[in-house]
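A short worksheet on the structure shown next.
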């Protein structure tokens, strides 16, 4: 008689091999996913935070310029004062007096400030050891982001002979602020940036804090807007957005 294979046994063996192959595929996929998560955790995520941070050099400066937009302004003031006490900067430059459409409407209704816009800030710096005569206050009513800040106050700084600048800002903002001050102004400033040491941003663990996640996302959004605005200027003007720098004054 002819040999008849056991169909049920063969089917069971085939299903068993298929199950083993599926388990191997799932194991490989799980291993890849774990490796991806670990890579993001220990490499990519810290890298995304660290690339935003600039480490300053040791050169002295004519003034520490305290950026005012964004969060954590008081740590920036504290850092500027610390730089002054350490002898790294000769002055501290402040700017503010931002005026929005809503504030203009309030002024039209009769609102008036009880004191000058820089009164409280100057007093804080005095408490931190910066004499009033070493503070440079600049009114910048239309400064709403880093680029408009720089463009608003750069002429006054230059005219006052403050050509070597230390930009004091939040840790996650140091690299972009430095890039803007070095490359988007028609002045031959010597510029460095310094992070506020009391700033809570942690480049090695920013993803654990909802606030810091928002800061990182906003900062990368700021880089996108920076290059978008640069491209728009090139298209609209047909030339580089930064003109020739004026000569330094002898003073």
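In the numbering used here, the protein residues as written are 22 to 272. From the three backbone atoms N, C-alpha and C, an ideal C-beta is built for every residue, glycine too. What you are looking at is a predicted structure, and each value in this text was computed from that prediction instead of being measured.
In the three-state reduction of the DSSP assignment, residue 186 falls in the strand class. DSSP places residue 245 in the uninterrupted alpha helix (DSSP H) bounded by 231 to 258. The Cβ atoms of residue 189 and residue 115 lie no closer than 8 Å to each other. Between residue 192 and residue 217, the C-beta spacing is below 8 Å. Here the region 142 to 153 lies against the region 96 to 108, with 3 or more beta-carbon pairs under 8 Å apart. By the neighbour-count criterion, in which a residue is buried when 16 or more other Cβ atoms sit within 10 angstroms of its Cβ, residue 170 is buried. Boundaries of the alpha helix (DSSP H) around residue 198: 195 to 204. Secondary-structure assignment with DSSP links residue 143 through no beta bridge to anything. Taking all protein chains in view, the Cβ of residue 256 is surrounded by fewer than 16 other Cβ atoms within 10 Å, so the residue is classified as exposed.
The Cβ atoms of residue 187 and residue 110 sit closer than 8 Å to each other.
A distance below 6 Å between beta-carbons, with the five flanking residues on each side excluded, links residue 179 to the following residues of its chain, in chain order: 208. Bounds of the alpha helix (DSSP H) holding residue 128 are 122 to 129. The DSSP-derived three-state label of residue 68 is helix. Counting along the chain, residue 112 sits inside the beta strand (DSSP E) bounded by residues 110 to 117. If you ignore the 5 residues before and after residue 79, its C-beta comes within less than 6 Å of no other C-beta in its own chain. CA-CA distance, residue 119 to residue 146, rounds to 20 Å.
Distances from the CA of residue 181 to each of 113, 228, 140, 245 were compared; the closest alpha carbon is that of 113. In this structure, DSSP gives residue 207 a state outside helix and strand, which the three-state scheme calls coil. For residue 148, the three-state secondary structure derived from DSSP is helix.
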